[in-house]
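J.: Here our numbering is used: position 308 in the sequence shown is 308, and no number is missing along the way. The beta-carbon is built from N, C-alpha and C at its ideal position, and this holds for glycine as well.
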Amino acid sequence: TAGQPGLPAGSNLWWIRCRLLQSSYERAPMLEQVLTSTVRAVQALTTRDEVLGGSTGLPGQHFQLADTPVVALDQPLQLTGADGRRVRVSSVQVEVDEGAGGGFLAWQEVQDFYGSGPDDPHFVVNRTAGVVLFGDGRTGRIPVANPQNANANVVARIYRSGGGTGGNVGAGMVTQLQTTVQSVDSVVNLRPAQGGADEETLDHAKLRAPQELKNKGRAVTAEDFESLAAETPGALVRRARALPLTNPRFPGVELPGVVTVIVVPESDRPNPTPNQTTLSLVCGYLNEHRLLTSEVYVTPPSYRLVRIQVRVVVDPTGDLGEVGRLVADGLTAYFHPLTGGEQCQGWEFGGTIYYSQVYRRIVDVPQVSRIQENQLTIWLDGVAQLPCRDVALNPGELLYSTGHEVLVDYGAQA
Numbered sequence: 001t002a003g004q005p006g007l008p009a010g011s012n013l014w015w016i017r018c019r020l021l022q023s024s025y026e027r028a029p030m031l032e033q034v035l036t037s038t039v040r041a042v043q044a045l046t047t048r049d050e051v052l053g054g055s056t057g058l059p060g061q062h063f064q065l066a067d068t069p070v071v072a073l074d075q076p077l078q079l080t081g082a083d084g085r086r087v088r089v090s091s092v093q094v095e096v097d098e099g100a101g102g103g104f105l106a107w108q109e110v111q112d113f114y115g116s117g118p119d120d121p122h123f124v125v126n127r128t129a130g131v132v133l134f135g136d137g138r139t140g141r142i143p144v145a146n147p148q149n150a151n152a153n154v155v156a157r158i159y160r161s162g163g164g165t166g167g168n169v170g171a172g173m174v175t176q177l178q179t180t181v182q183s184v185d186s187v188v189n190l191r192p193a194q195g196g197a198d199e200e201t202l203d204h205a206k207l208r209a210p211q212e213l214k215n216k217g218r219a220v221t222a223e224d225f226e227s228l229a230a231e232t233p234g235a236l237v238r239r240a241r242a243l244p245l246t247n248p249r250f251p252g253v254e255l256p257g258v259v260t261v262i263v264v265p266e267s268d269r270p271n272p273t274p275n276q277t278t279l280s281l282v283c284g285y286l287n288e289h290r291l292l293t294s295e296v297y298v299t300p301p302s303y304r305l306v307r308i309q310v311r312v313v314v315d316p317t318g319d320l321g322e323v324g325r326l327v328a329d330g331l332t333a334y335f336h337p338l339t340g341g342e343q344c345q346g347w348e349f350g351g352t353i354y355y356s357q358v359y360r361r362i363v364d365v366p367q368v369s370r371i372q373e374n375q376l377t378i379w380l381d382g383v384a385q386l387p388c389r390d391v392a393l394n395p396g397e398l399l400y401s402t403g404h405e406v407l408v409d410y411g412a413q414a
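(1) For E26 and E199, I'd like the C-alpha separation in whole angstroms.
(2) Could you please give the first and the last residue of the uninterrupted beta strand (DSSP E) stretch that includes F225?
(3) If distances are taken between C-alpha atoms only, which option among L279, N271 and T299 comes closest to T246?
(4) Determine the extent of the alpha helix (DSSP H) in which H289 is found, giving its start and end residues.
(5) Just verifying my parser: in three-state terms, what is the DSSP assignment at D185?
(6) Output the distance between the C-alpha atoms of P274 and A229, rounded to the nearest integer angstrom.
(7) Within this structure, are the beta carbons of A242 and Y285 separated by less than 9 Å?
(8) Excluding five sequence neighbours on each side, which residues of the same chain lie with their C-beta closer than 7 Å to the C-beta of D97?
(9) Given that a residue counts as buried once 16 or more other Cβ atoms are within 10 Å of its Cβ, and exposed if not, what is A12?
(10) Can you list, in chain order, the residues of its chain with a C-beta nearer than 7 Å to that of C388? Leave out the 5 residues immediately preceding and following it.
(11) Measuring alpha carbon to alpha carbon, tell me which residue in A205, L291, S55 and V89 is nearest Q111.
(12) Could you give the first and the last residue of the continuous alpha helix (DSSP H) run that contains V327?
(13) Could you check whether the segment 255 to 272 touches the segment 395 to 409, counting it as contact only if at least three pairs of C-beta atoms, one from each stretch, sit closer than 8 Å?
(14) Could you tell me which whole beta strand (DSSP E) segments of length 3 or greater appear in the segment 86 to 122?
(15) Would you mind working out which of F63, G346 and V188 sits nearest G54, comparing C-alpha positions?
(16) Is the Cβ-Cβ distance between N168 and P192 less than 9 Å?
(17) Are G324 and P395 touching if we call contact CB-CB under 9 Å?
(18) Would you report the Cα separation of Y297 and G340, rounded to the nearest angstrom?
(19) In the DSSP assignment, find the beta strand (DSSP E) that holds I158 and state where it starts and stops.
(20) Per DSSP, T260 is paired with what?
(21) Measure how close the beta-carbons of V358 and I371 come, nearest whole angstrom, since I'm counting them as under 8 Å.
(22) Measure the CB-CB distance between V71 and Q78 and report whether it falls below 9 Å.
(23) In angstroms, rounded to a whole number, what distance separates the CA positions of L386 and H336?
(24) Note down, in chain order, each residue of its chain lying with its Cβ closer than 8 Å to the Cβ of G172, except the 5 sequence neighbours on either side.
(25) If I measure Cβ to Cβ from V312 and keep anything under 6 Å in the same chain, skipping five residues before and after, which residues do I get?
(26) R239 and V259: beta carbons closer than 9 Å?
(27) Any idea if Q276 is buried or exposed, counting beta-carbon neighbours within 10 angstroms, 16 or more meaning buried?
(28) Drop a sphere of 10 angstroms on the beta-carbon of F250, count the other beta-carbons inside from all chains shown, and report buried for 16 or more, exposed for fewer.
(29) Using only CA atoms, which one of E348, D120, V406 and L305 lies nearest to G382?
(30) With contact counted as at least three CB pairs below 8 Å, one residue from each stretch, are the segment 155 to 162 and the segment 36 to 56 in contact?
(31) Taking all protein chains shown into account, decide if R19 is buried (16 or more other Cβ within 10 angstroms of its Cβ) or exposed.
(32) Quick check on the DSSP output: the alpha helix (DSSP H) that includes V363 runs from which residue to which?
(33) In chain order, what residues of the same chain lie with their CB nearer than 8 Å to the CB of P256, ignoring the 5 residues before and after it?
(34) In terms of residues, what are the limits of the beta strand (DSSP E) holding A44?
(35) Can you check whether the CB of L292 is closer than 9 Å to the CB of I418?
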């Protein structure tokens, strides 16, 4: 019962004790908020009792799920089937009715069929494609065809689908309850969702695999730090650059044993910037893999705003508005931190802006005849650069662009 000033007499209070698991810090931590009635939420669609089709009794049958990609369960479920068998559900609960009065019985999901015998009721799920695959009678049992239920004796009893970058919604975007929950009036996500990632492309896997085999989970070289930062679990790191001998608190001073890692997240913003959660995840992951003698810092990129001012002459058959738009869009794409540069893999960290390459990018646009003499200016952070000169950046800096000024006309007619 409270008796403190400012509190109504008879109020009930509770004490909350917080312990610091790691007590080493440069500045004492400050408690920002205490939030009650919070739960963890996962972006996923639950599908129940989906009929996949009927077994033909042939080896290697596969069935397509309606909703993809399939999301694995955080904690697999242990179920007991109608026949008394224990089944472990990792992502999809599949049941098969093989007739003979047994009804639908749950089958076991496995990672592959290498350990499956001819009588094992096993199946494999390609979660990305949403395909359920059964065995061939040698490795994994073949579902028996059921004439009494010829087209519907294979059922996905329950599974979840979703994920990807589309689930990374901003703070305050989740505000609706899809089903009524007793004593709950409203919901809201106070922080942005994170962790959703699209399927890795084959080209990216080809680039990642050699580096992963090389570093073997240890962060020693700059390339090791970059590779490990990009694969940090739960963090959407699109690019990373390690700067050896660099401490962000002492710019320009080389310090042995120190590495600063710059991370660029997946984002639709013109200047993708990681939030504090992403920085903490990457830093923690690198700390687990670094040498004891090394010191690592993780920072967001330092961006420079580049803007191009140009006057171009358009071919007589060209559309002035369309050509102007193409030039401006092309320049924005060229300087983009994720998809820009000569190789379209993001502007190089600390990469020089070459006047000749910017010139070529403009004149290569269809229907552009030429650039008016002395009518191409590079602006960096609001400052006009010297004409016909390359523009150097500091190590680790990136570019982003907006507001290009493209003037178009047909020029003097002969």
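T.: Looking at the coordinates:
(1) Taking the sequence shown and counting its residues from 1, one reaches residue 26 at position 26. Taking the sequence shown and counting its residues from 1, one reaches residue 199 at position 199. Caution is warranted here: a pLDDT of 48 is assigned to E26, below 50, making its placement in the model unreliable, and the coordinate value is therefore given only provisionally. So the two alpha carbons sit approximately 39 Å from each other.
(2) For the purposes of this step, residue 225 is identified with residue 225 of the sequence shown, where counting begins at 1. Run containing F225: none in the beta strand (DSSP E); it sits in the alpha helix (DSSP H), A222 to A230.
(3) Mapped onto the sequence shown, residue 246 falls at position 246. Nearest in C-alpha terms to T246, of all of L279, N271 and T299, is T299.
(4) Within the sequence shown, residue 289 is the residue found at index 289, counting from 1. It spans Q276 to H289 - the alpha helix (DSSP H) in which H289 sits, taken as one unbroken run.
(5) One-based indexing of the sequence shown puts residue 185 at position 185. Looking at D185 - three-state DSSP - the assignment turns out to be coil, as it is neither helix nor strand.
(6) Here residue 274 is taken as the residue at index 274 of the sequence shown, counted from 1. Here residue 229 is taken as the residue at index 229 of the sequence shown, counted from 1. Those two C-alpha atoms are separated by around 13 Å.
(7) For the purposes of this step, residue 242 is taken as residue 242 along the sequence shown, with counting starting at 1. For the purposes of this step, residue 285 is taken as residue 285 along the sequence shown, with counting starting at 1. No; because the gap between Cβ atoms is not below 9 Å, this pair is not in contact.
(8) The sequence position of residue 97 within the sequence shown is 97, counting from 1. The beta carbon of D97 lies closer than 7 Å to those of G103, F104, N146, N149 and N153 in the same chain, with the five residues before and after it left out.
(9) For the purposes of this step, residue 12 is identified with residue 12 of the sequence shown, where counting begins at 1. According to the sequence displayed, residue 12 carries Asn and not Ala. Exposed, by the Cβ-count rule.
(10) What you label residue 388 is simply residue 388 of the sequence shown in a count that begins at 1. Here C388 has Y355 as same chain residues with Cβ atoms under 7 Å from its own Cβ, once five neighbours each way along the sequence are excluded.
(11) Counting from one through the sequence shown, the residue named residue 111 turns up at place 111. The residue with the shortest Cα to Cα distance from Q111 is V89.
(12) Counting from 1 along the sequence shown, the entry for residue 327 is found at position 327. It spans L320 to Y334 - the alpha helix (DSSP H) in which V327 sits, taken as one unbroken run.
(13) yes
(14) 86 to 89, 92 to 97 and 104 to 106
(15) Residue numbering aside, residue 54 sits at position 54 when the sequence shown is read from its first letter. Cα-wise, what sits closest to G54 is F63.
(16) Taking the first residue of the sequence shown as 1, we reach residue 168 at position 168. Taking the first residue of the sequence shown as 1, we reach residue 192 at position 192. For N168 and P192, yes; Cβs fall inside 9 Å.
(17) Residue numbering aside, residue 324 sits at position 324 when the sequence shown is read from its first letter. Residue numbering aside, residue 395 sits at position 395 when the sequence shown is read from its first letter. Not in contact: G324 and P395 (Cβ atoms no closer than 9 Å).
(18) Position 297 of the sequence shown, counting from 1, holds the residue named residue 297. Position 340 of the sequence shown, counting from 1, holds the residue named residue 340. Distance between the alpha carbons of Y297 and G340 is about 26 Å.
(19) Taking the sequence shown and counting its residues from 1, the one referred to as residue 158 is at position 158. Run containing I158: V154 to G162, per the beta strand (DSSP E) assignment.
(20) As a position in the sequence shown, residue 260 is number 260, starting the count at 1. The partner list for T260 (beta bridge, DSSP) reads L243 and Y297.
(21) Counting from one through the sequence shown, the residue named residue 358 turns up at place 358. Counting from one through the sequence shown, the residue named residue 371 turns up at place 371. Actually they do not touch by this definition, with Cβ atoms about 10 Å apart.
(22) By 1-based counting over the sequence shown, the position of residue 71 is 71. By 1-based counting over the sequence shown, the position of residue 78 is 78. Contact: no.
(23) Start at 1 with the first residue of the sequence shown, and residue 386 comes out as number 386. Start at 1 with the first residue of the sequence shown, and residue 336 comes out as number 336. Distance from the CA of L386 to the CA of H336, rounded to the nearest whole angstrom, comes to 22 Å.
(24) Walking along the sequence shown from the start, residue 172 turns up at place 172. Residues V188, N189 and L190 of the same chain have their beta carbon placed closer than 8 Å to that of G172, with the five preceding and five following residues left out of the count.
(25) Taking the first residue of the sequence shown as position 1, residue 312 is located at position 312. V368, I371 and V408.
(26) Here the question's residue 239 lines up with position 239 in the sequence shown. Here the question's residue 259 lines up with position 259 in the sequence shown. In this structure, V259 does not lie closer than 9 Å to R239 by Cβ.
(27) Residue numbering aside, residue 276 sits at position 276 when the sequence shown is read from its first letter. Exposed, by the Cβ-count rule.
(28) Taking the sequence shown and counting its residues from 1, the one referred to as residue 250 is at position 250. Its Cβ having fewer than 16 others within 10 Å, F250 is exposed.
(29) In the sequence shown, residue 382 corresponds to position 382, counting from 1. Nearest option by C-alpha distance: L305.
(30) yes
(31) What you label residue 19 is simply residue 19 of the sequence shown in a count that begins at 1. Exposed: under 16 other Cβ atoms inside 10 Å.
(32) Position 363 of the sequence shown, counted from the start, is the residue given in the question as residue 363. Per DSSP, V363 belongs to the alpha helix (DSSP H) from Y355 to V363.
(33) One-based indexing of the sequence shown puts residue 256 at position 256. For P256, where only same-chain residues beyond five positions count, the Cβ hits under 8 Å are L245.
(34) Locating residue 44 in the sequence shown gives position 44, where the first residue counts as 1. A44 to G53 is the span of the beta strand (DSSP E), which, as asked, contains A44.
(35) Here the chain covers residues 1 to 414 and nothing more, so residue 418 does not appear.
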